[in-house]
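Below is one structure, written out as structure tokens; the observations come after it.
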Amino acid sequence: MKSFWSLIPRNIFKNKKRIVSIAISIILSMSLIIALSVMLDILKKSSYERMVDDAGGVYDIQFYTSDAKALDTFSKDPIINKTSIGINLGINEIPKTKYTVEINGYEKNIPEFINFKLVQGRYPEKDNEIAVEDWILDKLPQKYKLGDEITLPSALFYTNSKGKPVNLNIENKFILVGTFKYTYNQNGEKNNATAYVTRKYVQSKLPAEAIKYFGYSSINNEHSLDKGLELLIMTDQYQKISININIMKEYLPKRFKIIDFISAVLYLIISIVAGIIIYNIFNILITERIKEFGMLRAIGSSPGQIKMLVLGEGIILGCIFIPIGIILGNFIIKGMIILISGYKDVRGIMDIPGSGIIASVIVGFLSILMGTYSPAGRASRISPVEAISSNNNLKLTGSSIKKNLQKKSYMGKLFGFTADMAYLNVNRNKKRFITTVISLSISIIMFLAVSYLIYCADPIKNLKNEMGGDFVITSASISRKKALTDKDIKDIENIKGIGKISKEKNVMSIMKVPEGKVTDYGIKFLRKEANKTPSAKQQFEQKIYSFHSTVYGLAVEDFSSIKDYVAQGEIDTDKMDKEPLVILAQNLNYTSYTKLNVGDRIKLTHSNYDDDGNFINETDETFIIGAILDNDFISPDPLLNNFVFMSSKTAEEYMKISGYQEIKINLSKNANYDETEKILKEKIKKDRYASLTSYKEELEKIKKNNLQTSLILYSFVSAVAVFSIINLFNIMTMNVMIRKREIGMFRAMGFENNQVKKMIRFEGVFYGVTSAVWGIGLGVIFTYILYLLARKSLMQGMTWSFPIITVIITFAATVFICIMASINASRTLFESSIVDSIRNNE
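Taking the working numbering, I'd label the letters of the sequence shown as residues 1 to 842.
What follows is the structure in structure tokens.
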């Protein structure tokens, strides 16, 4: 031996079985960490992409104004990074269809702000050029291709300087130079396409009083979105500019903070689990090498050298197997995602997130140091005489055996002597037992937490109830000319296969509440909202307290769906038809903004339209609260906290809601779904304001959108479970291997092979039952705490109930896996004779 330190590589290569156990633990730990980082990276990227698609772009703020001078000053403000300004030329209604084209004059930099993706050709550069959304070409009266001349008349409604309404009709002829996709998921006007012309062309066609500017801006990186918006609103020069924040982009940093917090917690949990597992492995292996360390002490090795020997082995193994775990984990998790999602582009399969590599290295070496330090300390304190005479179990002394055998065990009384011996073995190896139970319990807690989050986030389970039928026909208008009518409903009722139909009036409104009926929390909320728009700020300063709400006008028979939720007052439909009486659901989604009661008065804002469906103005109407719904009422919209229900007659008389905005259709038992859907689509084909929602189509969309989140969560918890199971099998096998001499002595005293196997199976049961009880108990408590903390911020509309089925399945699965691990461990016990087992010369 050239030097003491040459023992490290020699021990590594000499004890291959031992190294395999350690390698498996390290590789699995690193694979789990890198898998987590990959999934969180994908989650962040998908969240950002979804935000862009939902908001229709990456802009920070959107603005509207007719003041060109104020807009020029605004675009040069130091708070603003860059701006793109547009002007609306008008709307083109495609004949004999329900489709329209909104023609806008844009600046060249518009694709930097909104979600335009060029499909063919280019964007307009000259005044007679146009680009349109690609899908609208199939809806035009004739087929066009790039280079063709296209005629698109436009109509623009505006109020002139004398206050008179004007309909401006313009005949437009363009050269089609390009097509593009415009993804804007939150756009309610699905039948309206966007056309892109130059801003210069629009300005040349419109009189000055008809020009209304709109546009998008990004805020300088020195300011947050909230702060930048607040500073802009407080500037007097911009009072004539309506400024709105990109709400979805504003929410994104909050979502990223939640993801970062969750990732930090998960990294910590993985570090603890990995440290426990590596500790278990090294603890067992050091126990197995007691004689070896005793010989080294006998020939002059110091305790410090023994400690460095063990730590050195751990660090070298980390240098070898941590990179392998990183590469393997990245490859496996991306392979799983590609396989399950059907995504075929594999170019980025080996792109490993830098944060994942850093976390893997830090967690990996910390786990190794935590896992080896204590066992290394134990090894360094072994005396040569004690080590050489040891039976490979430092806790297994004659006195301890005698003491434990004298204890009466309930297990022995219930299940016999083998159960008693199993209990004895577990009791005198408490550290190993506790650390393994902790590892399994953490896996169970994480499984229950992930299952709960997926259950809460799963939109499929409530889809049918939220839709209210197999099909829903909605109208985007509340004007008399454009809403759905009783004749429309009658036509639908005559379709073969139609069962129950419910009709509904609904409109977004502003609910104004008396000052004394707003809570302190409500005041804080409104103060924060006041910084987002000039009008909100002005109202707050005037002590006009307004909350967004949805107003529903229901038929008499439809009030039965909310009767069970009445907490105060009563529902009197006869009285509600004659008086401005309403039912209020307030403070939904665990908020507490208002404290309204039966008999209180509220004001609801409604819009007024002329006979042609053009907006005139907004007015308020006062209503009396006749009943209050309790907080168990499920909000149809998780972003709204107030719902007002009134009779259909009252909604038309006081809120000026003509016709119906929503028709929910349930099919009869033997109806042909596809045939009915085809007929319904044909019915509303020419109604440009109506759209059909199909339950089957929505279900497919939700499944697709929900796949990634579920995949990420379940992939992670599956990886944790696999990791814990492999570790359990590893621990149980090592546990049995180091007790070969002890078990050989039992066999020599007359223990039969079946009794030995039974004893080890009982040990597996003890591991399983203890882990299941602690893991499930803490997991249920954790999910309830998660519900209390996250129901307002992370996921609105969350509910909680005791997961009895999940608990039973988890308990049975944990015990079964532990028994299987013990059976697997006992297989190698009888390969050697009793004499060889007692000698233990391996």
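Each residue gets a CB set at the ideal place from its N, CA and C atoms; glycine is no exception. Please read all numbers here as calculations on a predicted model, not as lab measurements.
Check: In this structure, does DSSP put Q120 in helix, strand or coil?
Finding: For the purposes of this step, residue 120 is taken as the residue at position 120 of the sequence shown. It is a strand residue.
Notebook entry, point to check: Looking only at C-alpha atoms, which of V177, I80, S263 and I24 sits nearest to L43?
Noted result: Working through the sequence shown from its first residue, we reach residue 43 at position 43. Cα-wise, what sits closest to L43 is S263.
Next item on the list: Grab me the residues of E515's own chain with a C-beta within less than 6 Å of its C-beta, minus the 5 sequence neighbours each way, in chain order.
Entry: Mapped onto the sequence shown, residue 515 falls at position 515. Hits under 6 Å: K543.
Check: Could you check where the beta strand (DSSP E) with G86 kicks off and where it finishes?
Finding: For this step, residue 86 is matched to residue 86 along the sequence shown. Element bounds for G86: I80 to E93.
Notebook entry, point to check: Assuming L629 and I562 make a contact with CB atoms under 8 Å, what is their CB distance in whole Å?
Noted result: The sequence position of residue 629 within the sequence shown is 629, counting from 1. The sequence position of residue 562 within the sequence shown is 562, counting from 1. That pair is a contact at about 6 Å.
Next item on the list: Please work out which residues of its chain come closer than 6 Å, Cβ to Cβ, to S535, disregarding the five sequence neighbours upstream and downstream, and give them in chain order.
Entry: Stepping through the sequence shown from its first residue, residue 535 is reached at position 535. Here the set comprises nothing.
Next item on the list: Could you round the C-beta distance between I332 and S360 to whole angstroms and report it? I think they count as a contact, below 8 Å.
Entry: Mapped onto the sequence shown, residue 332 falls at position 332. Mapped onto the sequence shown, residue 360 falls at position 360. The pair is not a contact, with the Cβ atoms about 14 Å apart (cut-off 8 Å).
Check: What's the gap between the Cα of E149 and the Cα of I130?
Finding: Here residue 149 is taken as the residue at index 149 of the sequence shown, counted from 1. Here residue 130 is taken as the residue at index 130 of the sequence shown, counted from 1. Cα to Cα, E149 sits roughly 10 Å from I130.
Next item on the list: Report yes or no: do the region 137-155 and the region 163-177 share at least 3 C-beta pairs separated by less than 8 Å?
Entry: yes
Next item on the list: Report the option in S374, L266 and A298 whose CA atom is closest to the CA atom of L308.
Entry: Counting from 1 along the sequence shown, the entry for residue 308 is found at position 308. Looking at the sequence itself, residue 308 is Met, so the reference to Leu does not match. When each option's Cα is compared against that of M308, the closest is S374.
Item checked: Contact under 9 Å by Cβ, V202 with N104 -> In the sequence shown, residue 202 corresponds to position 202, counting from 1. In the sequence shown, residue 104 corresponds to position 104, counting from 1. Yes. Within cutoff.
Item checked: Sequence-distant residues of its chain with Cβ nearer than 7 Å to K758 (five each side left out) -> For the purposes of this step, residue 758 is taken as residue 758 along the sequence shown, with counting starting at 1. Result list for K758: T418, in chain order.
Checklist line | Status (buried if at least 16 other CB within 10 Å, exposed otherwise) for Q62 | finding: If you number the sequence shown from 1, residue 62 lands on position 62. Counting Cβ neighbours within 10 Å, Q62 comes out buried, since at least 16 surround it.
Check: What residues in its chain sit with their C-beta under 7 Å from that of K240, if we drop five residues either side in the sequence?
Finding: To locate residue 240, count along the sequence shown from 1; it is residue 240. Once the five neighbours on either side are set aside, the close Cβ partners of K240 are T65, D67 and A70.
Notebook entry, point to check: Can you name, in chain order, every residue of its own chain whose Cβ lies under 7 Å from the Cβ of E222, other than the five neighbours on each side?
Noted result: Within the sequence shown, residue 222 is the residue found at index 222, counting from 1. Around E222: no qualifying Cβ.
Notebook entry, point to check: Does the beta-carbon of P124 have 16 or more other beta-carbons within 10 angstroms, so that it is buried, or is it exposed?
Noted result: The count along the sequence shown starts at 1 and reaches residue 124 at position 124. The residue in question, P124, is buried, as its Cβ has 16 or more Cβ neighbours within 10 Å.
Next item on the list: Please list, in chain order, all residues of the same chain as T806 whose beta carbon is under 7 Å from its beta carbon, the five residues on each side excluded.
Entry: Here residue 806 refers to the residue found at position 806 when the sequence shown is read from its first residue. Result list for T806: L448 and S451, in chain order.
Check: Which class does K505 belong to by DSSP, given the choice of helix, strand or coil?
Finding: Looking up residue 505 in the sequence shown gives position 505. Residue state, collapsed to three classes: strand.
Checklist line | Range covered by the alpha helix (DSSP H) that runs through R527 | finding: The count along the sequence shown starts at 1 and reaches residue 527 at position 527. First-last of the alpha helix (DSSP H) with R527: D520 to E529.
Item checked: Inter-residue CB distance, Q802 and I776 (contact presumed, cutoff 8 Å) -> As a first step, residue 802 must be located in the sequence shown, where it is residue number 802. As a first step, residue 776 must be located in the sequence shown, where it is residue number 776. Here residue 802 is Phe; the residue named in the question, Gln, does not match the sequence. Actually they do not touch by this definition, with Cβ atoms about 11 Å apart.
Next item on the list: Give the single residue among I809, M732, V582 and V780 whose Cα lies nearest to the Cα of S822.
Entry: Numbered from 1 along the sequence shown, position 822 holds the residue referred to as residue 822. Selected option, being the one with the closest Cα: M732.
Note to self: By the three-class DSSP mapping on this structure, what secondary structure does N192 have?
What the structure shows: For the purposes of this step, residue 192 is taken as the residue at position 192 of the sequence shown. DSSP places N192 in strand when its eight states are reduced to three.
Checklist line | Residue range of the unbroken beta strand (DSSP E) whose run includes E209 | finding: Position 209 of the sequence shown, counting from 1, holds the residue named residue 209. Segment: none, E209 is in no beta strand (DSSP E) and carries neither H nor E.
Margin query: Out of E107, D41, V177 and Q186, which one is the CA nearest neighbour of A55?
Written below: In the sequence shown, counting from the first residue as 1, residue 55 sits at position 55. Checked all of E107, D41, V177 and Q186; the closest Cα to A55 is Q186.
Notebook entry, point to check: Do the CB positions of E621 and Y660 come within less than 9 Å of each other?
Noted result: The residue given as residue 621 occupies position 621 in the sequence shown. The residue given as residue 660 occupies position 660 in the sequence shown. No, Cβ-Cβ distance for E621 and Y660 is not below 9 Å.
Notebook entry, point to check: By the 10 Å Cβ neighbour count, where 16 or more other Cβ atoms means buried, how is A825 classified, buried or exposed?
Noted result: If you number the sequence shown from 1, residue 825 lands on position 825. By the 10 Å Cβ count, A825 comes out buried.
Checklist line | Under the three-state DSSP convention, the category D226 falls into | finding: On the sequence shown, position 226 is the one that residue 226 refers to. Residue state, collapsed to three classes: helix.
Next item on the list: Taking only the alpha-carbon atoms, compute the straight-line gap between V736 and F433 and give it to the nearest angstrom.
Entry: Here residue 736 refers to the residue found at position 736 of the sequence shown. Here residue 433 refers to the residue found at position 433 of the sequence shown. So the alpha carbons of these two residues sit roughly 13 Å apart.
Checklist line | DSSP-derived helix/strand/coil call for G553 | finding: By 1-based counting over the sequence shown, the position of residue 553 is 553. In the structure shown, G553 sits in a strand (DSSP, three-state: E or B).
Notebook entry, point to check: In chain order, which alpha helix (DSSP H) runs of at least 4 residues are fully inside the region 219-266?
Noted result: 225-233
Check: Per DSSP, which one or two residues make a beta bridge with Q568?
Finding: Residue mapping note: residue 568 aligns to position 568 of the sequence shown, counting from 1. I628, per the DSSP bridge assignment.
Checklist line | Where D610 sits in the DSSP three-state scheme | finding: The residue you call residue 610 lines up with position 610 of the sequence shown. Correct three-state label for D610: coil.
Note to self: Buried or exposed, going by whether 16 or more other CB atoms sit within 10 Å of the CB of G228?
What the structure shows: Position 228 of the sequence shown, counted from the start, is the residue given in the question as residue 228. Answer is buried; the Cβ neighbour count reaches 16.
Notebook entry, point to check: Since S29 and I270 are thought to touch, with beta carbons under 8 Å apart, how far apart are those beta carbons, to the nearest angstrom?
Noted result: Taking the first residue of the sequence shown as 1, we reach residue 29 at position 29. Taking the first residue of the sequence shown as 1, we reach residue 270 at position 270. Correct: roughly 7 Å between the Cβ atoms.
Notebook entry, point to check: Mind checking T485: buried by the 16 CB within 10 Å criterion, or exposed?
Noted result: Numbered from 1 along the sequence shown, position 485 holds the residue referred to as residue 485. With fewer than 16 Cβ atoms within 10 Å of its Cβ, T485 is classed as exposed.
Check: First and last residue of the beta strand (DSSP E) that includes N169?
Finding: In the sequence shown, the residue the question calls residue 169 occupies position 169. Per DSSP, N169 belongs to the beta strand (DSSP E) from P165 to I170.
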